[in-house]
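*Asks:*
There are 2 protein chains.
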Amino acid sequence: MQGMARKQGSHSDITGPRVLETALRLIAQHGFAAVSMRQIAAEVGVQAGALYNYTPDKQSLLFDLMRSHMADLLNALAAADLQGDALARLEGFTRFHIRFHLPRSDQVFVSYMELRNLAPENFAAIEAMRRDYEDVLEDILRAGEAEGIFAVPDTRVATMALIAMLTGLSHWYREGGRLAMNKIEAIYWDLVRKAVSV
Amino acid sequence: MQGMARKQGSHSDITGPRVLETALRLIAQHGFAAVSMRQIAAEVGVQAGALYNYTPDKQSLLFDLMRSHMADLLNALAAADLQGDALARLEGFTRFHIRFHLPRSDQVFVSYMELRNLAPENFAAIEAMRRDYEDVLEDILRAGEAEGIFAVPDTRVATMALIAMLTGLSHWYREGGRLAMNKIEAIYWDLVRKAVSV
DNA sequence: TTTTCAACTGAACATCTGTTCAGTTAGATG
DNA sequence: CATCTAACTGAACAGATGTTCAGTTGAAAA
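The structure is reproduced here in structure tokens:
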């Protein structure tokens, strides 16, 4: 059986997303360098050449996955529209971070592990977006300092420390584990709040 | 110019360590799957085949790097011999973790990023060692709870959270940066202490 | 019905991969 | 001096790599 093109209707709007989904899953599992275009193609159900209808090259595939993840993150954060005093906004940020990241473990994994496989200009673009995200937290910490409710010796270091703590969650949390997400959320919020409070 | 074997004395005690150093550096930089045996050999200054005098295969090279890092970590922790009440031991653990990890960014990077490239039995061995390390911190947190000086809703979650926070430091700290190590140590100890205190 | 063309195949390209091994070299040994 | 052998070379193996592209397919348009 050969020549399976156009089996049942136009496929580009099905195959396209499937390529991204499959690439994300395989890269999260084995790493970018360890996954071949032929492996991705095989899981999608096409030949390797067909992938190049959806990405100019392998590097762009990785960059697209990371860029869209970061864009989703920044858009969702903007939509969360944190308000109130610094403590309320810190709680909002903490809960937002956990709720956004926990259901996206593959994206988180790829976005944090495959930075070194990005071409320099792509790396710079992702880093800029990550920096934007970090700056939101740092602004909250600075505001809390100004309000006199937070006591952090160095807002930049505290920002990095808190984000590392929150993101680390994605590396060990497994759905259906001992603790539900809202329980986890409460525990982390407790740690975060106390860490920065006076 | 060909046939350079045994240039100036026995080399195995020089080449052996150089293979490990070079492999560690290159794997930290580009990732295990992205580094070839020929690249490592070229930087060491030998042909690819010569590497097999020092490792049975590429997988063992990775495993050796990770196992020796974890063994060093556990030995150093035991040598630190944390004593006193839970608060003193928590401070000891925090400062030990930072002092041990900061000068070893390549080892930390490889040990946390390349877990998925380990063969299953090797993965299990590394995970067991990591678990041993985590358990030391968890014991301290539990002791602090018993002493009534700590208030952590879940010692396991707090353990993972604190270790993620501390280890994350290695991912952004650069020697010669804005802050010296002892400054960093103080800032992190402040965050850790407050996070778990009543 | 014939034509069109997006979506795909399958083969090819040059190059790289981990690993093996017969052969070479030169310092150490007797 | 000759001998030994640890340490290495260089070639080879079978297969995988990203990417290109002429050709094929079949549903939809004319």
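Chain order of the listed sequences is V and B.
Here the first sequence is numbered in the numbering used here, starting from 4 and rising by one per residue.
Here the second sequence is numbered in the numbering used here, starting from 4 and rising by one per residue.
The beta carbon of each residue, even a glycine, is placed where N, CA and C say it ideally should be.
(1) By alpha-carbon positions, which one of B:Q62, B:T25, B:L76 ends up nearest to Q42 (chain B)?
(2) Quick check: K197 (chain V) and A198 (chain B), are their CB atoms within less than 7 angstroms of each other?
(3) D75 (chain B) to A183 (chain B), Cα distance in whole Å?
(4) Among residues of its own chain, excluding the 5 on either side of Q110 (chain B), which ones have a beta-carbon nearer than 6 angstroms to its beta-carbon?
(5) Can you give me the C-alpha to C-alpha distance between L54 (chain V) and L65 (chain V), rounded to a whole angstrom?
(6) Quick check: the Cα distance between P20 (chain V) and S114 (chain V), rounded to an integer number of angstroms?
(7) For W175 (chain V) versus M163 (chain B), is the C-beta distance shorter than 7 angstroms?
(8) On the three-state DSSP scale, how would you describe F66 (chain V)?
(9) Label A131 (chain B) either buried or exposed according to how many other C-beta atoms from any shown protein chain fall within 10 Å of its C-beta, with 16 as the threshold for buried.
(10) Roughly how many whole angstroms lie between the Cα atoms of R9 (chain V) and I30 (chain V)?
(11) If you draw a straight line from the alpha carbon of Q11 (chain B) to that of I17 (chain B), how long is it in whole angstroms?
(12) For a contact defined as C-beta to C-beta under 7 angstroms, what are the partners of W175 (chain B) on chain V?
(13) For the candidate residues B:G52, B:R119, B:D138, whose alpha-carbon lies nearest to that of A208 (chain B)?
(14) Span of the alpha helix (DSSP H) holding V111 (chain V)?
(15) In terms of residues, what are the limits of the alpha helix (DSSP H) holding S173 (chain B)?
(16) If you draw a straight line from the alpha carbon of I187 (chain V) to that of T97 (chain V), how long is it in whole angstroms?
(17) Taking just the CA atoms, how far does E141 (chain B) sit from I190 (chain B)?
(18) With DSSP as the reference, please indicate the residues paired to S200 (chain B) in a beta bridge.
(19) With contact counted as at least three CB pairs below 8 angstroms, one residue from each stretch, are the segment 88–97 of chain V and the segment 44–64 of chain V in contact?
(20) In this structure, how does DSSP classify V49 (chain B) when only helix, strand and coil are distinguished?
(21) Taking Cβ-Cβ distances shorter than 7 angstroms, what residues in chain B pair up with D193 (chain V)?
(22) Can you give me the Cβ contacts of L144 (chain V) inside the same chain, cut-off strictly under 7 angstroms, excluding the 5 residues immediately before and after it?
(23) My understanding is that A122 (chain V) touches A37 (chain B), with C-beta atoms under 8 angstroms, so please give their C-beta distance in whole angstroms.
(24) Provide the residue span of the alpha helix (DSSP H) that contains R92 (chain V), from first to last.
(25) Starting from the beta carbon of A127 (chain V), find every residue of chain B whose beta carbon is closer than 9 angstroms, and list them in chain order.
(26) For D193 (chain B), count neighbouring Cβ atoms within 10 angstroms of its own Cβ and tell me buried if that reaches 16, exposed if not.
(27) Cβ of G180 (chain V) less than 7 angstroms from any chain B Cβ?
(28) Do L172 (chain V) and V195 (chain V) count as a contact pair if the criterion is CB distance below 7 angstroms?
(29) L80 (chain V) by DSSP, collapsed to three states: which one?
(30) If you compare alpha carbons, which of B:T170, B:L23, B:E124 is closest to M116 (chain B)?
(31) For M4 (chain V), does the count of other Cβ atoms within 10 angstroms reach 16, so buried, or fall short, so exposed?
(32) Mind pulling the chain V residues with CB within less than 9 angstroms of H33 (chain B)?
(33) What residues from chain V crowd round A81 (chain B), counting only those whose CB sits closer than 9 angstroms?
(34) List, in chain order, every chain V residue whose beta-carbon is nearer than 9 angstroms to that of A167 (chain B).
*Replies:* Here's the rundown:
(1) Residue mapping note: residue 42 (chain B) aligns to position 39 of the second sequence, counting from 1. The option with the nearest alpha carbon to Q42 (chain B) is B:T25.
(2) On the first sequence, position 194 is the one that residue 197 (chain V) refers to. On the second sequence, position 195 is the one that residue 198 (chain B) refers to. Yes, Cβ-Cβ distance for K197 (chain V) and A198 (chain B) is below 7 angstroms.
(3) For the purposes of this step, residue 75 (chain B) is taken as residue 72 along the second sequence, with counting starting at 1. For the purposes of this step, residue 183 (chain B) is taken as residue 180 along the second sequence, with counting starting at 1. Using only the alpha carbons, I get a separation of about 24 angstroms.
(4) Taking the first residue of the second sequence as 1, we reach residue 110 (chain B) at position 107. The residues H72, in chain order, have a CB closer than 6 angstroms to that of Q110 (chain B) in the same chain once the five nearest residues on each side in sequence are set aside.
(5) Taking the first sequence and counting its residues from 1, the one referred to as residue 54 (chain V) is at position 51. Taking the first sequence and counting its residues from 1, the one referred to as residue 65 (chain V) is at position 62. Spanning the two alpha carbons is a distance of roughly 13 angstroms.
(6) Numbered from 1 along the first sequence, position 17 holds the residue referred to as residue 20 (chain V). Numbered from 1 along the first sequence, position 111 holds the residue referred to as residue 114 (chain V). Taking the straight line from one Cα to the other gives about 18 angstroms.
(7) If you number the first sequence from 1, residue 175 (chain V) lands on position 172. If you number the second sequence from 1, residue 163 (chain B) lands on position 160. Going by C-beta atoms, W175 (chain V) is nearer than 7 angstroms to M163 (chain B).
(8) As a working note, residue 66 (chain V) is residue 63 in the first sequence. Reduced to three states, the DSSP call for F66 (chain V) is helix.
(9) Start at 1 with the first residue of the second sequence, and residue 131 (chain B) comes out as number 128. By the neighbour-count rule (16 or more Cβ atoms within 10 Å), A131 (chain B) is not buried but exposed.
(10) Walking along the first sequence from the start, residue 9 (chain V) turns up at place 6. Walking along the first sequence from the start, residue 30 (chain V) turns up at place 27. In this prediction, R9 (chain V) has a pLDDT of 45, which is less than 50 and means its spatial position is unreliable; what the coordinates show is noted afterwards. About 28 angstroms.
(11) As a first step, residue 11 (chain B) is located in the second sequence; it is residue number 8 there, counting from the start. As a first step, residue 17 (chain B) is located in the second sequence; it is residue number 14 there, counting from the start. In this prediction, Q11 (chain B) scores a pLDDT of 48, lower than 50, which makes its location untrustworthy; the coordinate-derived value is nonetheless stated afterwards. When the Cα atoms are used, Q11 (chain B) and I17 (chain B) turn out to be separated by approximately 11 angstroms.
(12) On the second sequence, position 172 is the one that residue 175 (chain B) refers to. Close to W175 (chain B), with beta-carbon spacing below 7 angstroms, are these residues of chain V in chain order: M163.
(13) The shown model of chain B, from 4 to 201, leaves out residue 208 (chain B), and the question about it has no answer.
(14) As a position in the first sequence, residue 111 (chain V) is number 108, starting the count at 1. Its alpha helix (DSSP H) spans residues 108–116.
(15) Taking the second sequence and counting its residues from 1, the one referred to as residue 173 (chain B) is at position 170. Element bounds for S173 (chain B): 158–175.
(16) On the first sequence, position 184 is the one that residue 187 (chain V) refers to. On the first sequence, position 94 is the one that residue 97 (chain V) refers to. Between the C-alpha atoms of I187 (chain V) and T97 (chain V) there is a straight-line separation of about 11 angstroms.
(17) Sequence index remark: in the second sequence, residue 190 (chain B) carries index 187 (1-based). Sequence index remark: in the second sequence, residue 141 (chain B) carries index 138 (1-based). Those two C-alpha atoms are separated by around 21 angstroms.
(18) Translated into the one-based positions of the second sequence, residue 200 (chain B) becomes position 197. B:F153.
(19) no
(20) By 1-based counting over the second sequence, the position of residue 49 (chain B) is 46. DSSP places V49 (chain B) in coil when its eight states are reduced to three.
(21) Walking along the first sequence from the start, residue 193 (chain V) turns up at place 190. By Cβ distance, chain B contributes P156.
(22) Translated into the one-based positions of the first sequence, residue 144 (chain V) becomes position 141. F153, V155, T158, A161, T162, V199.
(23) Here residue 122 (chain V) corresponds to residue number 119 of the first sequence, with the count starting at 1. Here residue 37 (chain B) corresponds to residue number 34 of the second sequence, with the count starting at 1. Going by Cβ atoms, the distance from A122 (chain V) to A37 (chain B) rounds to 13 angstroms, so no, they are not a contact pair.
(24) Within the first sequence, residue 92 (chain V) is the residue found at index 89, counting from 1. That run of the alpha helix (DSSP H) goes 89–104.
(25) Taking the first residue of the first sequence as position 1, residue 127 (chain V) is located at position 124. What A127 (chain V) touches in chain B: nothing, since even the nearest Cβ is about 16 angstroms away.
(26) Taking the second sequence and counting its residues from 1, the one referred to as residue 193 (chain B) is at position 190. Buried, by the Cβ-count rule.
(27) On the first sequence, position 177 is the one that residue 180 (chain V) refers to. For G180 (chain V), the answer is no, since every Cβ of chain B falls outside 7 angstroms of its Cβ.
(28) Taking the first sequence and counting its residues from 1, one reaches residue 195 (chain V) at position 192. Taking the first sequence and counting its residues from 1, one reaches residue 172 (chain V) at position 169. No. Outside cutoff.
(29) On the first sequence, residue 80 (chain V) is found 77 positions in, with the first residue counted as 1. Here L80 (chain V) sits in helix by DSSP.
(30) Translated into the one-based positions of the second sequence, residue 116 (chain B) becomes position 113. Comparing Cα-Cα distances from M116 (chain B) to each of B:T170, B:L23, B:E124, the minimum goes to B:T170.
(31) As a first step, residue 4 (chain V) is located in the first sequence; it is residue number 1 there, counting from the start. Only weak support is given to the placement of M4 (chain V): the predicted model assigns it a pLDDT of 36, under 50, and the question is left unresolved by the model.
(32) Position 30 of the second sequence, counted from the start, is the residue given in the question as residue 33 (chain B). What H33 (chain B) touches in chain V: A36, R119, N120.
(33) Within the second sequence, the letter at position 78 stands for residue 81 (chain B). The premise fails here: A81 (chain B) is roughly 24 angstroms from chain V at the closest Cβ pair, so nothing lies under 9 angstroms.
(34) As a working note, residue 167 (chain B) is residue 164 in the second sequence. Under the 9 angstroms cutoff, chain V gives A167, M168, L169, T170, G171, L172, H174, W175.
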